[in-house]
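Just below is one structure, and these are the notes that go with it.
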């Protein structure tokens, strides 16, 4: 299954202390991840929809991709807004 977002993604987003071009390109994924997390969706549901990764075929990768991007999405909620306004 192909990702629902047209932008290619990394298995792990950049771990920078500033908003990156990757973050800007993936804001929609970050927002959808935050919504899914708030709704109680698990990574097994999220991985195929947002990242096109089959959790049955690649469980470690699917969990890692979802977890790392969710962590970055949460970081963006506290650090991103000020930088995005610049």
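Residue numbers (the UniProt record's numbering): 1 to 86. Even glycine gets a Cβ: it sits at the ideal position worked out from N, Cα and C. This one's a predicted model, so the numbers in the text were calculated from it and none came from an experiment.
Buried versus exposed, by CB contacts within 10 Å (16 or more), residue 50: Mapped onto the chain shown, residue 50 falls at position 50. By the neighbour-count rule (16 or more Cβ atoms within 10 Å), residue 50 is buried.
The alpha helix (DSSP H) enclosing residue 35, as first and last residue numbers: For the purposes of this step, residue 35 is taken as residue 35 along the chain shown, with counting starting at 1. Residues 27-38.
Close beta carbons around residue 40, own chain, < 6 Å, minus the five adjacent residues each side: Position 40 of the chain shown, counted from the start, is the residue given in the question as residue 40. So no residue of the chain qualifies.
Cα-Cα separation between residue 57 and residue 63, rounded to whole angstroms: For this step, residue 57 is matched to residue 57 along the chain shown. For this step, residue 63 is matched to residue 63 along the chain shown. Residue 57 and residue 63: Cα-Cα distance of roughly 12 Å.
Which of helix, strand or coil DSSP assigns to residue 55: Counted from its first residue, the chain shown places residue 55 at position 55. Residue state, collapsed to three classes: coil.
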